[in-house]
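Counting in numbering that gives the first Met the number 0, the sequence shown runs from 0 upward without gaps.
Report on the following structure.
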Amino acid sequence: MPPKPFDPTLKALVETSPESWLPLVGGPPGPADVIDADIATVSGAADKVIRVRAKPTYLLHLEFAVGHDTAALPRKLLVRNGLLDDRHDLLVRSVVVLLRSEADSPKLDGRYIRQFHGQPAYLSFMYQVIRVWQLPPEKLLSAGPALFPLAPISAVTEQDVPGIIKRMGASLTEREASFVWPATFLLLGLRYTPSAAARLLRGMVSMKESSTYQAILEEGREEGREEGAVIEARRLLRLFGERLFGPPDARTARVIDHLNDRAQLEELHGRVPTAAGWNELIPKTAAPRRRGNKKQP
Numbered sequence: 000m001p002p003k004p005f006d007p008t009l010k011a012l013v014e015t016s017p018e019s020w021l022p023l024v025g026g027p028p029g030p031a032d033v034i035d036a037d038i039a040t041v042s043g044a045a046d047k048v049i050r051v052r053a054k055p056t057y058l059l060h061l062e063f064a065v066g067h068d069t070a071a072l073p074r075k076l077l078v079r080n081g082l083l084d085d086r087h088d089l090l091v092r093s094v095v096v097l098l099r100s101e102a103d104s105p106k107l108d109g110r111y112i113r114q115f116h117g118q119p120a121y122l123s124f125m126y127q128v129i130r131v132w133q134l135p136p137e138k139l140l141s142a143g144p145a146l147f148p149l150a151p152i153s154a155v156t157e158q159d160v161p162g163i164i165k166r167m168g169a170s171l172t173e174r175e176a177s178f179v180w181p182a183t184f185l186l187l188g189l190r191y192t193p194s195a196a197a198r199l200l201r202g203m204v205s206m207k208e209s210s211t212y213q214a215i216l217e218e219g220r221e222e223g224r225e226e227g228a229v230i231e232a233r234r235l236l237r238l239f240g241e242r243l244f245g246p247p248d249a250r251t252a253r254v255i256d257h258l259n260d261r262a263q264l265e266e267l268h269g270r271v272p273t274a275a276g277w278n279e280l281i282p283k284t285a286a287p288r289r290r291g292n293k294k295q296p
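The following block contains the structure:
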């Protein structure tokens with residue numbers, strides 16, 4: 000399945016605080032952790048799967064969508080839901096999170112039905128659809144910092160955004176700010192131009208960072224290109240890490256510059272909030288993984 004340029008940002012937000020996503024979908028609460036779906040070889044990778052230790056334990060299967068290709072998503076949800084059920088033998092709740100109205104489709108009505116003409120349905124699969132632009136910002140701001148970046152693209156106008164940003168900043172710790180502001184800028188790019196997004200975030204990030212975010216948006220917006228997704232993931236790793244640990248040393252910077260495996264980069268994103276520094280995040284023994292099996296010229 001082609002990579003989606005915003006994957007690293009969204010996956011990092013889920014990994015940072017998986018339990019924060021439970022109130023958004025209305026799922027039973029409980030201790031939560033992100034698990035490896037391990038179904039990519041069969042159906043394409045699920046965006047994120049959270050195991051919730053409620054009564055009973057269940058899986059929350061999240062799929063994020065920003066593009067125009069969502070009409071076929073219900074069938075993919077069915078396949079992935081079934082594979083997760085079979086692999087883990089747990090109840091599976093599948094949820095589509097639409098990040099902008101352009102990703103909506105009449106086919107995303109919460110049901111996938113198969114039936115022969117004139118006969119009862121032999122298959123009826125239920126899933127949940129969350130349209131972020133219809134959500135009240137309070138629901139996102141009350142869920143915790145991991146969902147803060149969605150608030151400026153919720154049911155608010157451009158005039159509302161500075162007030163939302165101010166409320167976010169007032170409640171963030173330095174560690175939380177290290178991942179919230181980069182993610183907020185990137186998601187603002189779904190609704191506003193890079194210059195407008197930088198203006199809305201003025202005072203929260205420096206102009207140097209803002210220009211870097213613009214480059215991420217321009218290079219990563221080309222959907223379907225592995226290179227665009229890798230560029231975004233690599234730069235996000237630097238931005239997230241530098242806000243928390245300071246600039247990397249020369250060795251670490253070289254390692255990051257040679258990371259070309261998107262999965263490895265996304266794995267590192269998820270570890271940024273809990274790492275003690277660059278050396279723990281990227282040990283000296285770490286080596287970049289090779290991406291794919293390209294023929295040598």
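Every residue, glycine too, gets a C-beta built ideally from N, C-alpha and C.
The structure presented is a predicted model; accordingly, all values stated were derived computationally and were not measured.
If distances are taken between C-alpha atoms only, which option among Gly25, Ala11 and Pro7 comes closest to isoleucine 129? Gly25
Mark proline 6 as exposed unless 16 or more other C-beta atoms lie within 10 angstroms of its C-beta, in which case mark it buried. Looking at the sequence shown, residue 6 is not proline but aspartate. Flag for aspartate 6 reads buried.
Can you find the residues in the same chain that come closer than 7 angstroms, C-beta to C-beta, to lysine 106, ignoring five residues on each side of it along the sequence? Ala70 and Pro73
Taking the C-alpha atoms as reference points, what is the distance between alanine 31 and valine 51? 4 angstroms
Work out the CA separation of leucine 122 and leucine 21 for me, nearest whole Å. 27 angstroms
Please go through the same chain and pick out, in chain order, the residues whose beta-carbon is closer than 7 angstroms to the beta-carbon of tryptophan 132, but skip the five residues on each side of it. Arg99, Ser100, Ile152, Ser153 and Ala154
Within 8 angstroms, do at least three Cβ pairs link the segment 7-14 to the segment 47-64? yes
Can the beta-carbon of leucine 186 be found closer than 8 angstroms to that of leucine 149? yes
Out of Thr156, Phe115, Ile164 and Lys138, point me to the one whose CA is closest to arginine 190's CA. Thr156
What are the boundary residues of the beta strand (DSSP E) that isoleucine 34 is part of? 31-34
Taking leucine 146 as the reference, give the member of Gly29, Pro28 and Glu14 with the closest Cα. Glu14
Histidine 268: buried (16+ other C-beta within 10 angstroms of its C-beta) or exposed? buried
Which partner residues of phenylalanine 63 appear in the DSSP bridge assignment? Val96
Identify the continuous alpha helix (DSSP H) that holds lysine 10 and give its terminal residues. 6-15
Rounded straight-line distance, which links the Cα of arginine 166 to that of valine 271: 24 angstroms
Leucine 122 lies in the beta strand (DSSP E); which residues open and close that run? 122-125
Neighbourhood of serine 93 by C-beta distance below 6 angstroms, restricted to the same chain and skipping five residues each side: His60, Leu76, Asn80 and Tyr126
Take the Cβ of alanine 182 as the centre, count every other Cβ of all protein chains shown within 10 Å, and call the residue buried at 16 or more, exposed below. buried
Using 10 angstroms around the beta-carbon of methionine 206, count the other beta-carbons present and answer buried if the total reaches 16, otherwise exposed. Confidence at methionine 206 is low in this model, with a pLDDT of 40, below 50, so its placement is unreliable and the value that follows should be read with caution. By the 10 Å Cβ count, methionine 206 comes out exposed.
Measuring straight from C-alpha to C-alpha, what distance separates aspartate 35 and valine 48? 7 angstroms
If I measure Cβ to Cβ from alanine 120 and keep anything under 7 angstroms in the same chain, skipping five residues before and after, which residues do I get? Ile112, Arg113 and Gln114
Could you give the distance in angstroms between the alpha-carbon of histidine 257 and the alpha-carbon of glutamine 263? 12 angstroms
So, aspartate 88 versus leucine 97, is the Cβ gap smaller than 8 angstroms? no
Valine 179 (DSSP reduced to helix, strand or coil): helix
Just to check my reading of the structure: proline 247 and isoleucine 255 have Cβ atoms closer than 8 angstroms, yes? What is that Cβ distance to the nearest angstrom? 7 angstroms
Thinking just about the alpha-carbon of each residue, which of Arg198, Glu173 and Ser16 is nearest to the one in glutamate 241? Glu173
Strictly by DSSP, which residues pair up with leucine 58? Arg50 and Val91
How would you write the range of the beta strand (DSSP E) that arginine 113 sits in, first residue to last? 110-113
CB-CB under 6 angstroms to leucine 140, same chain, minus the five flanking residues each way: which ones, in chain order? Ala150
Valine 179 beta carbon less than 8 angstroms from that of valine 144: The identity of residue 144 in the sequence shown is proline, whereas the question assumes valine. In contact: proline 144 and valine 179 (Cβ atoms closer than 8 angstroms).
Quick one: what's got a C-beta closer than 7 angstroms to proline 55's C-beta in the same chain, skipping five residues either side? Leu90
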